[in-house]
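Chemist: Numbered according to the numbering used here, the sequence shown spans residues 4 to 417. No residue lacks a Cβ here, since even glycine has one placed at the ideal position from N, Cα and C.
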Amino acid sequence: MAGKKAWGGRFSTGTNKQVESFTASIDFDRRLAPHDIAGSIAHARMLGKCGILTKAEAEKIVGGLEEIREEITRGEFHFDPALEDIHMHVERRLTDKIGEVGGKLHTARSRNDQVALDLRLYLREAIQAIREGIRILQKVFAAKAEVHLNTVMPGYTHVQRAQPILLAHHLMAYFEMLQRDRERFADCLRRVNVLPLGAGALAGTTLPIDPAYVAKLLDFPAVAANSEDAVSDRDFAVEFLSCCAILAMHISRFAEEVVLWASAEFGFIELPDAFATGSSIMPQKKNPDVAELARGKTGRVYGDLVSLLTVLKGLPLSYNRDLQEDKEPVFDAADTIRRMLDVLPPMLQAINFRAERMRAAAAEGFLNATDIADYLVTKGIPFREAHEIVGRIVRHCLQTGERLEALSLARLRE
């Protein structure tokens with residue numbers, strides 16, 4: 004029984020061991036176990052409600068599944084690559100525990116709609132956790148901004164000093180980016196939150212099932228309208244990865260500024276020792292490794308998105324085994340983003356912004372030139388002419404070493 008495949012009736016010989024190893028997904032999809040069991044419990048209850056199973060059979064299956072969930076939680080569950088995936092592991096263990104009635108669980112269900120459900124349940128949980136992580140990071144940005152309402156710094160374009168701004172304004176720019184990220188994940192959740200169970204392998208089932216009841220049990224507000232679409236598309240996972248990639252991009256931009264601002268050339272921030280590392284050869288070094296890794300891991304998240312897009316791009320309807328490759332990119336991106344969101348809030352909270360250094364930098368480089376041009380506009384001078392006039396004044400200051408704000412009105416008129 005141990006080596007028998009659930010689909011083995013049509014085959015006269017066993018599976019090649021290398022094939023078993025190559026096709027097995029249990030090494031990574033075991034993390035879907037709680038979602039797989041939750042879906043199976045709801046499915047069993049629906050089968051009992053619809054009279055496809057007796058109430059006693061349904062309750063026996065549910066009880067067995069709950070015991071298996073406890074075994075997995077306690078770390079007592081045995082995983083075997085020969086059983087391919089988490090679905091077969093749970094079903095085999097259920098049959099071992101409660102006998103042949105366990106084989107009735109898969110009635111009116113395919114692994115195709117089953118795994119689509121598991122992934123949606125996983126993503127629903129991941130999205131909620133990520134949105135909470137973003138909210139916490141936003142809270143730290145807002146708190147830091149409130150502390151620095153009067154801290155002047157240079158604003159930059161082209162990494163060149165441009166105009167004076169407030170540090171609070173700069174920090175709140177990231178708050179706004181993160182707000183859109185939270186909204187994107189919330190919007191993504193609407194498309195994730197659709198029940199695929201009932202689609203079967205691709206064409207539904209002839210049995211009188213009630214997907215709406217399963218949706219109610221699992222708190223899905225909608226049921227998939229098309230069975231082929233339900234089992235074969237992973238656009239909801241692509242959308243999740245896209246949201247992760249955009250969030251990572253925003254995090255990376257902030258991380259880049261941490262790296263720059265912590266350098267001696269800028270000197271705008273002092274990194275706390277707890278969020279920096281040293282060099283194995285240069286005793287004086289204090290390196291912004293956390294920010295650098297956040298920046299580097301962004302490329303990893305981008306790779307996860309491109310990986311899944313590439314898997315999906317040439318697949319005909321409906322299900323193909325290629326879709327087994329959807330999980331690792333999703334898991335990796337979710338894990339990476341959550342780790343970034345864990346470390347960034349305490350790092351930002353601990354960063355010391357050097358207000359005097361920022362103010363001194365803002366006083367250099369003629370950052371008030373635009374304000375002078377705007378002042379001339381209020382006196383009736385066309386902006387292009389005002390721009391030309393102030394440009395000549397800046398050139399004069401560069402030649403003489405004077406500052407714009409130090410020039411008298413008489414000198415300006417010259």
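1. What residue range is occupied by the uninterrupted beta strand (DSSP E) comprising isoleucine 168?
2. For asparagine 196, count the other beta carbons within 10 Å of its own beta carbon; 16 or more makes it buried, fewer makes it exposed. Which is it?
3. Is the Cβ-Cβ distance between cysteine 191 and phenylalanine 239 less than 9 Å?
4. Pairing CB atoms from the stretch 54-65 with CB atoms from the stretch 114-131, are three or more of them under 8 Å?
5. Quick one, which of Ala364, Ala389, Gly383 has its alpha-carbon nearest aspartate 374's?
6. Taking only runs of the beta strand (DSSP E) that begin and end inside the stretch 116-161, which ones reach a length of at least 3 residues, in chain order?
7. On the CB-based measure, 16 or more other CB atoms within 10 Å of its CB, does phenylalanine 386 come out buried or exposed?
8. Using only CA atoms, which one of Val217, Gln131, Ile272 lies nearest to phenylalanine 356?
9. Out of curiosity, what's the CA-to-CA distance linking glutamine 287 and glycine 281?
10. On the criterion of 16 or more Cβ atoms from any shown chain inside 10 Å, does alanine 364 qualify as buried, or is it exposed?
11. CB-CB under 8 Å to valine 359, same chain, minus the five flanking residues each way: which ones, in chain order?
12. I'd like to know if the stretch 200-209 and the stretch 160-175 are in contact, where contact means that at least 3 CB-CB pairs between them fall below 8 Å.
13. Taking its Cβ as the centre, do 16 or more other Cβ atoms sit within 10 Å of arginine 13, making it buried, or is it exposed?
14. If you check the beta carbons only, do arginine 72 and alanine 27 fall under 9 Å apart?
15. Taking buried to mean at least 16 other C-beta atoms within 10 Å of its own C-beta, is serine 411 buried or exposed?
16. If you check the beta carbons only, do phenylalanine 334 and phenylalanine 25 fall under 9 Å apart?
17. Going straight from the alpha carbon of glutamate 23 to that of leucine 170, what length do you get?
18. CB-CB under 8 Å to glutamate 259, same chain, minus the five flanking residues each way: which ones, in chain order?
19. Leaving out five residues on either side along the sequence, give the residues of the same chain with a beta carbon under 7 Å from the beta carbon of methionine 4.
20. With DSSP as the reference, identify every bridge partner of alanine 225, one or two as the case may be.
21. How many angstroms separate the CA atom of leucine 401 from the CA atom of glycine 394?
22. Between the alpha carbons of glycine 316 and glutamine 327, how many angstroms are there, rounded?
23. Relative to the C-alpha of valine 217, which residue among Thr16, Ile44, Asp39, Ile392 is closest?
24. To which residues does DSSP link threonine 280 through a beta bridge?
25. Phenylalanine 356 bridges to which residues according to DSSP?
26. Report yes if the C-beta distance between serine 310 and valine 234 is below 9 Å; otherwise report no.
27. What three-state label does DSSP hand phenylalanine 188 in the structure shown?
28. DSSP on leucine 415, reduced to helix/strand/coil?
29. Would the stretch 340-348 and the stretch 128-147 be scored as touching if the rule is three or more Cβ pairs under 8 Å?
30. DSSP state of glycine 299, grouped into three classes?
31. Please state whether DSSP places glycine 51 in a helix, a strand or coil.
32. Is it buried or exposed for arginine 177, if we count other Cβ within 10 angstroms and need 16 for buried?
33. Helix, strand or coil: which one does DSSP assign to tyrosine 216?
34. Cβ of cysteine 247 within 9 Å of Cβ of alanine 372?
35. At 4 residues or longer, and completely inside the stretch 314-366: list those alpha helix (DSSP H) runs for me, N to C.
36. Could you check which residue in Gly17, Gln131, Met361, Gln352 has the C-alpha nearest to that of arginine 341?
Modeler: According to the structure data:
1. 163-169
2. buried
3. yes
4. no
5. Ala389
6. 155-160
7. exposed
8. Ile272
9. 8 Å
10. buried
11. Valine is not the amino acid found at residue 359; the sequence shown has glutamate there. Closer than 8 Å at the Cβ level, and outside the excluded window around glutamate 359, lies no residue.
12. no
13. exposed
14. no
15. exposed
16. no
17. 58 Å
18. Ala294, Arg298
19. Below a pLDDT of 50, predicted positions are generally treated as unreliable, and methionine 4, at 41, falls in that range; no measurement from the model is reported.
20. Val197
21. 11 Å
22. According to the sequence shown, residue 316 is lysine rather than glycine. Going by the C-alpha atoms only, they are around 14 Å apart.
23. Ile44
24. Asn290
25. Ile272
26. no
27. helix
28. helix
29. yes
30. helix
31. helix
32. Note that residue 177 is tyrosine in the sequence shown here, rather than arginine. Burial call: buried.
33. helix
34. no
35. 330-353, 358-365
36. Gln131
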